[in-house]
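Here the structure comes first, spelled out in structure tokens, and everything after it is commentary.
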Amino acid sequence: MVQLARDEHEMLDGKHGRARQRAMEILVQYADALGAQRFVNTNNVHLLIGFHPYPEVVTVTDGDELASKFLLDTDEKIVVDYIETFNTTHIFAIDLERWKLMGAPQSLHELMESIKKYCIRTGISLTSTCTPYQVGNIPTRGEHCAWTESSAVPYCNAILGARTNTEAAHSAFPIALTGKVPLSGFHLDENRLGDQLIQVETDVNSVMDWYLLGYYAGENSQIEVPVLKLARPMVPNISMLKGFNAAGASSGGIMMYHIVGLTPEAPTQAAAFGGRKIQKTLNYGNAERRQTYETLNSAEDSGVDVINMGCPHYSLEQLRDVARLLDGKKVHGNVTLWIWTAHQLKDIADRNGYTDIIFKAGGQVMTDTCPLNTNLFPPGTKVVATDSAKQAHYTPAITGFDVWFGSMQDCIDAAITGKWRGELK
Ligand code: F3S
């Protein structure tokens with residue numbers, strides 16, 4: 019049974035209000051299920067509040083009732099006063115401004131407006147992105163966090179050296195209300211050490227290469243902690259690491275990993291394993307790279323209906339690069355080009371003229387969500403092309419569409435010609 023500190027007992031006894039009492043009731047059960055001995059304080063939560071995978075089951079639009087039912091698991095209407103814990107929010111169900119372009123129904127827009135008002139009143143930050151680290155949520159090394167979103171979790175753990183488990187909407191909300199997270203999983207030193215070694219024998223110089231490597235690592239490591247050793251050391255940028263994380267959390271469940279000589283807890287291979295026995299050694303070479311690429315390409319028809327880019331949400335650098343590729347070009351009349359990013363980054367892209375270039379070419383820069391989560395694709399869509407291994411992994415299963423996976427250049431080429439001509443170089 020989890021041991022409670024005095025302030026935690028007080029919350030459970032209702033001395034800090036009904037909302038914190040209900041939150042602590044949930045967290046005690048959660049901590050016991052995880053086998054946690056105690057809680058630790060947190061001041062960094064990435065909440066999931068604006069998205070529900072089954073909007074048709076939501077029959078109320080009052081923010082307090084919604085939060086009570088879905089996040090505090092009760093029919094009692096509990097009014098939250100203010101969430102003191104620093105927080106950001108994961109995606110909402112629609113682009114909060116361009117929802118009509120997505121074909122979203124008015125009812126969903128009204129539901130999102132209601133949730134937005136609730137967030138503003140209760141101190142929840144309206145970041146609405148799967149990449150909180152791109153818009154100002156950058157925890158310090160060792161900081162205890164509680165993040166939702168599978169692709170963001172390894173960024174927090176492996177790249178920043180902060181500490182989080184993969185939280186759900188229903189755990190992150192009580193954690194934010196109380197500022198308490200169960201001390202378990204990746205909050206503990208011993209669970210952060212490497213389990214298996216992946217020797218990377220081929221060059222990984224592009225974002226696409228990092229998606230492929232991440233997909234391979236996820237397939238083979240599942241929820242274990244891989245330690246990657248690059249044959250030729252290089253320093254990946256944020257877009258590459260983002261791709262690795264998203265792919266590894268899709269084909270498997272990577273939440274923590276090390277890259278020897280690069281990530282903060284792996285100055286050496288010995289430090290990454292911390293004396294633990296290496297359970298398995300894998301070699302990732304050209305054959306594994308090609309096999310992974312072929313796994314991700316399920317389409318046969320070279321005609322493309324939708325190009326979906328920006329999963330996880332595009333960085334500023336990627337917005338700049340895609341605008342450059344589209345400058346002066348025209349998207350094919352049969353193709354819808356959607357580029358997803360955080361609205362904060364779109365704001366900078368607007369100022370720099372990137373959005374305008376993309377719009378003039380016939381593409382759209384969309385924010386706050388991604389179509390996979392709400393399954394809102396243009397009518398008649400059969401084939402989707404993407405530069406994201408995460409989209410390539412989930413799209414066939416969720417939508418039944420065929421998918422092409424390739425580089426940013428391959429996707430823009432398909433957007434302009436209407437035909438997929440990508441290949442592994
Ligand atoms: Fe983000 Fe959607 Fe991809 S939430 S990580 S763009 S599947």
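When the letters of the sequence shown are read in order and numbered with our numbering, they come out as residues 19 to 443. Quick reminder that beta carbons are idealized off the backbone N, C-alpha and C, glycines included.
Between Arg294 and the rest of its own chain, which residues show a CB-CB distance below 6 Å, the 5 nearest in sequence each way excluded?
Locating residue 294 in the sequence shown gives position 276, counting from the first residue. Contacts found: Leu211.
In whole angstroms, what is the alpha-carbon distance linking Glu441 and Leu248?
To locate residue 441, count along the sequence shown from 1; it is residue 423. To locate residue 248, count along the sequence shown from 1; it is residue 230. Cα to Cα, Glu441 sits roughly 24 Å from Leu248.
Collapsed DSSP secondary structure at Phe88 in the structure displayed
Counted from its first residue, the sequence shown places residue 88 at position 70. Helix at Phe88.
The ligand F3S and Asn370: does any heavy atom of the ligand fall closer than 7 Å to the residue's C-beta?
Your numbering for residue 370 matches position 352 in the sequence shown. No; taking the cut-off as 7 Å, the Cβ of Asn370 has no heavy atom of the ligand F3S nearer than that.
Quick one: using the 10 Å Cβ neighbour count with 16 as the cut-off for buried, is His70 buried or exposed?
What you label residue 70 is simply residue 52 of the sequence shown in a count that begins at 1. With 16 or more other Cβ atoms within 10 Å, it is buried.
Excluding the five sequence neighbours on either side, which residues of its own chain have a C-beta within less than 8 Å of the C-beta of Asp82, listed in chain order?
What you label residue 82 is simply residue 64 of the sequence shown in a count that begins at 1. Correct list, in chain order: Lys95, Ile96, Val97, Val98, Tyr136.
Looking at the ligand F3S, does it come within less than 7 Å of Lys33, judged from the CB to the closest heavy atom?
In the sequence shown, the residue the question calls residue 33 occupies position 15. Lys33 Cβ: outside cutoff for every heavy atom of the ligand F3S.
Reduced DSSP secondary structure (H/G/I, E/B, other) of Thr392:
Numbered from 1 along the sequence shown, position 374 holds the residue referred to as residue 392. Helix, per DSSP.
Following a CB-centred definition, is Ser169 positioned closer than 7 Å to any heavy atom of the ligand F3S?
On the sequence shown, position 151 is the one that residue 169 refers to. Ser169: yes, Cβ under 7 Å from the ligand F3S.
Nearest-angstrom Cα separation, counted from His350 out to Ile375:
Taking the sequence shown and counting its residues from 1, the one referred to as residue 375 is at position 357. Taking the sequence shown and counting its residues from 1, the one referred to as residue 350 is at position 332. In a straight line, the C-alpha of Ile375 is about 15 Å away from that of His350.
Tell me whether Trp356 sits in a helix, a strand or coil according to DSSP, three-state version.
The count along the sequence shown starts at 1 and reaches residue 356 at position 338. Looking at Trp356 - three-state DSSP - the assignment turns out to be strand.
Three-state secondary structure (DSSP) at Val340?
Here residue 340 corresponds to residue number 322 of the sequence shown, with the count starting at 1. Looking at Val340 - three-state DSSP - the assignment turns out to be helix.
Put Val153 into one of helix, strand or coil per three-state DSSP.
As a first step, residue 153 is located in the sequence shown; it is residue number 135 there, counting from the start. In this structure, Val153 counts as coil in the three-state DSSP scheme.
Can you tell me whether Gln409 sits near the ligand F3S, meaning its C-beta is under 7 Å from at least one heavy atom of the ligand?
For the purposes of this step, residue 409 is identified with residue 391 of the sequence shown, where counting begins at 1. Under cutoff, so the answer is yes.
Cβ of His70 within 7 Å of any heavy atom in the ligand GTP?
As for the ligand GTP, it is missing from this structure, which binds only the ligand F3S.
Would you decide whether Val75 is buried or exposed? Buried here means 16 or more other CB atoms lie within 10 Å of its CB.
For the purposes of this step, residue 75 is identified with residue 57 of the sequence shown, where counting begins at 1. By the neighbour-count rule (16 or more Cβ atoms within 10 Å), Val75 is not buried but exposed.
Under 8 Å between the Cβ atoms of Gly232 and Ala284?
Counting from one through the sequence shown, the residue named residue 232 turns up at place 214. Counting from one through the sequence shown, the residue named residue 284 turns up at place 266. Taking 8 Å as the Cβ cut-off, Gly232 and Ala284 do not qualify as a contacting pair.
Tell me where the alpha helix (DSSP H) around Gln409 begins and ends.
The sequence position of residue 409 within the sequence shown is 391, counting from 1. Unbroken alpha helix (DSSP H) run through Gln409: 407 to 417.
Of the choices Val222, Glu237, Ala164, whose alpha-carbon is the least far from that of Phe204?
Indexing the sequence shown from 1 puts residue 204 at position 186. It is Ala164 whose Cα lies nearest to the Cα of Phe204.
When Gly154, Asp50, Met226, Gln309 are compared against Met426, the one with the closest alpha-carbon:
For the purposes of this step, residue 426 is taken as residue 408 along the sequence shown, with counting starting at 1. Residue Met226 is the option with its Cα nearest to Met426.
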